[in-house]
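Asker:
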Amino acid sequence: MIRGEDCVCLRSAGEKGIRMIYKKLKTYAPERMGFVYVGILMALLAAGLSVASYYYLYRFLRKVIVDVDMTGAVPLAMDVVIFLIANALVYFLALWSTHILAFRLETNLKKQGLRHLMNASFSFYDKNESGRVRKIMDDNTALTHSSVAHLIPDLTTAVFAPLLGIALAFYVDWRMGLLFTASFLSGILFIRKMMGDQNFMNQYMAASDKMNSGAVEYVRGIHVLKIFKTSLQSLKEFYRSVTEYADLALKYSMSCRSWYVFFQVFYNAVFLVALFFGYGSGDDPRVQLCKFLFYALFNGILYMALNKVMYVGMYTYQASACIEKIEKLFSEMDEKKLSTGQRETMEGSSIEFQNVTFGYEDQKVIKHFSLKLEEGKTYALVGASGSGKSTLVKLISGFYQLDDGHILIDGHDLSEYTEGALAQNIANVFQDVKLFKKSIYENVRMGRPDSSRQEVMEALHLAQCDEILNKLEKGEDTLIGAKGVHLSGGEVQRIAIARAILKDAKIIILDEASAAADPENEYELQLAFANLMKKKTVIMIAHRLSSITGVDEILVIDDGKLVERGSHSELMAHNSVYQKLQEDFMQANEWRVRE
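Per the working numbering, the sequence shown starts with residue 32, numbered consecutively.
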């Protein structure tokens, strides 16, 4: 049976799509292109062996029915079996060759994707959810592999098996050859009718994408929906996308199946024509029976070829559509791509902003910002939410490409340093810490992969993680994540601090790192921070203003600009923006739920 999605896929199939796939194979898997030709050759040979088996089948039928020579029929029966086995083995070799090619294509696409991900700006990650990136990279590369692996042998057999089969039919009986030719050409015509028009396919695919994206949002918010007992019908946009897709899919499937039914009726009705040709030929009845049986059996090879034509369309569409989606993602990753230089060492850790301007999309967040930070001092960035504090520290790390201006570290522009130099000399500890599904030891060691076990344990000790390790049966070798233990927010923060301590970077950036810590973890975190910040240039963002009174200098940011700077006592000495922030903070701390 023909599925609706198969009909959709057929629309984009054709010579243009196949040429595009061939070019992409040369681009992404040039070292395995030889397997394309091996696959084609093996599939061509398999098609020849398949038709040859029917040739010996016809001779076998003549020996049994016409000549009534059972002794002579046995070798022919053996020939049929041998050719069928050879056909299966050779076709297996064709698939084996194309699967090797497809595995390399999938591998290279994923490697290419990882390279693009590593070089992508943080603006790409801001605009794209990890689930979308994973789906495109994993699902589409896997689907490309599957499509390419079957496209090459199926396309070859879909083209050559009918041609060889029709030639054999003409050899048996010219009228049978005409019948086979008419059947095959009519089948191609019906398939083209099933394809429909391009506009309908665009509507179908757009509805499918809209429904899939809505389903992701629905699943992610399922906890909230269950709490409020929200039904699917109440989510009007998602419900509308589901019904719209269902209507289009049904309409499309029915239109395909109508032509499919016509095709089945026509193809089976050809048997009647074959009977007419047979009995009207004037041949011996035994010869007529022999030819008719041959036609009945051999008819399957054309039917299989027509099915493969449809699947070739599906594979062509899938492969071209998947590669198009992957390459579109690559181009998105390359937007505002970070530029790095050749400088591999960073002697000092002074930081200077020179008239820096930066924005997300069209909204400017940092505006003509200039500032100098001395080496070895601790700075605190304060300001209202949305003032640009987090953006500033991300710019120091080189996460984004500046719209204008320069950032200097140790007197050199950020773009002069290699990516490795920046990663080695700048350590970030954010509020939302990411730990991998590995052991605590492996997570900490990622800060400096060449460190010894003793150095990792010392970093864990300085980060006040002894208590965490003592309560775990496997200690630092305990696995974190779905199949391991789940740590509290404060404990995760201390593991992240241990990683930063081990890294021993010159510049430490703390972005609201203790904002969500509970009172029990607060003291341990402060001790860990103290060990992390020794002899470093530190830039911290803190909503708990009580924790920054002892820093060297406080920088007050408002609307992407530096409005005040000074020590805690200096800023509190006059009517300042910082003083107002402190008053708001104290007032918030005094708030209580009253009876």
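Note that the Cβ used here is the ideal one computed from N, Cα and C, for glycine as well.
1. How big is the Cα-Cα spacing for P316 and L195?
2. Which two residues bound the contiguous beta strand (DSSP E) that contains M571?
3. Roughly how many angstroms lie between the CA atoms of G218 and S284, to the nearest whole one?
4. If G407 and K566 are in contact, beta carbons under 8 angstroms, what's the gap, nearest whole angstrom?
5. Between which two residues does the beta strand (DSSP E) harbouring V396 extend?
6. Please classify A561 as buried or exposed, where buried requires at least 16 other C-beta atoms within 10 Å of its C-beta.
7. Just to confirm the assignment, what range does the beta strand (DSSP E) spanning R596 have?
8. Given a threshold of 16 other Cβ atoms within 10 Å of its Cβ, counted over all protein chains shown, does L281 qualify as buried or as exposed?
9. Using beta-carbon positions only, say whether D542 and V424 come within less than 7 angstroms of one another.
10. Apart from the five residues just before and just after Y86, which ones in its own chain have a Cβ nearer than 7 angstroms to its Cβ?
11. Would the segment 346-357 count as touching the segment 175-186 if we require 3 or more Cβ pairs under 8 angstroms?
12. Which residues in the same chain as M617 place their Cβ atom closer than 7 angstroms to its Cβ, once the five residues preceding and following it in sequence are excluded?
13. Go through the segment 344-379 residue by residue and report every complete run of the beta strand (DSSP E) that reaches 3 residues or more, in order.
14. Among R93, E601, S214, S84, which has the Cα closest to the Cα of D110?
15. List in chain order: all unbroken beta strand (DSSP E) runs of 3+ residues lying wholly within the segment 443-480.
16. Please go through the same chain and pick out, in chain order, the residues whose beta-carbon is closer than 6 angstroms to the beta-carbon of V190, but skip the five residues on each side of it.
17. Excluding the 5 residues flanking G48 on each side, which residues of the same chain have their C-beta closer than 6 angstroms to its C-beta?
18. Would you report the Cα separation of G414 and I585, rounded to the nearest angstrom?
19. When you compare only the Cα positions, how much space is there between L124 and Y342?
20. With DSSP collapsed to three states, give me the class of V413.
21. Please say whether P184 and A74 have beta carbons closer to each other than 7 angstroms?
22. With distances taken Cα to Cα, identify the nearest neighbour of D590 among T422, S239, K267, C321.
23. Just checking, does the segment 355-373 make contact with the segment 157-177 on the three C-beta pairs under 8 angstroms criterion?
24. Measure from the alpha carbon of V105 to the alpha carbon of each residue in L115, F91, A117, then state which is nearest.
25. Tell me which same chain residues have a C-beta within less than 6 angstroms of the C-beta of V624, skipping the five on either side of it?
26. Going by Cα to Cα distance, which pick from V95, K55, H574, A78 is closest to L324?
27. From L136, Q385, G79, pick the residue whose C-alpha is nearest to that of F114; which is it?
28. With DSSP as the reference, please indicate the residues paired to F384 in a beta bridge.
29. Using 8 angstroms for Cβ pairs, my map puts A192 next to V121. What's the rounded Cβ distance?
30. I'd like the list of long-range same chain contacts for K57, defined as Cβ closer than 8 angstroms, with 5 residues on each side in sequence excluded.
31. Among R50, A573, L210, F211, which has the Cα closest to the Cα of L412?
32. Apart from the five residues on each side of it in sequence, which residues of its chain come closer than 6 angstroms, Cβ to Cβ, to V82?
33. Rounded to the nearest angstrom, how far is the Cβ of G521 from that of L556, given a contact under 8 angstroms?
34. Should Q618 be flagged as near chain D, meaning a C-beta pair shorter than 7 angstroms?
35. Nearest to S239 by alpha carbon, out of M207, L220, Y270?
36. Could you check the C-alpha separation between T642 and L145 for me, to the nearest Å?
Answerer: Put simply:
1. 27 angstroms
2. 568-572
3. 18 angstroms
4. 7 angstroms
5. 394-404
6. exposed
7. According to the DSSP assignment, R596 belongs to the beta strand (DSSP E) that extends over 592-597.
8. exposed
9. yes
10. L199
11. yes
12. none
13. none
14. S84
15. Within the segment 443-480, the complete beta strand (DSSP E) runs of at least 3 residues are 457-461.
16. none
17. T347, S351
18. 10 angstroms
19. 20 angstroms
20. Correct three-state label for V413: strand.
21. yes
22. T422
23. These segments touch.
24. F91
25. Unreliable positioning characterises V624 in this predicted model, as indicated by a pLDDT of 49, which lies under 50. The coordinate reading is nonetheless provided below. Nothing meets the Cβ criterion.
26. V95
27. The residue with the shortest Cα to Cα distance from F114 is G79.
28. L402, I438
29. Not really, about 13 angstroms apart at Cβ, beyond 8 angstroms.
30. M64
31. A573
32. L195, G196, L199
33. That belief holds up - the Cβ atoms of G521 and L556 are roughly 6 angstroms apart, short of 8 angstroms.
34. Going by chain labels, chain D is absent from the structure shown, which holds only one protein chain.
35. Y270
36. Lying before the first or after the last residue shown, residue 642 is absent from the chain, which here runs from 32 to 626.
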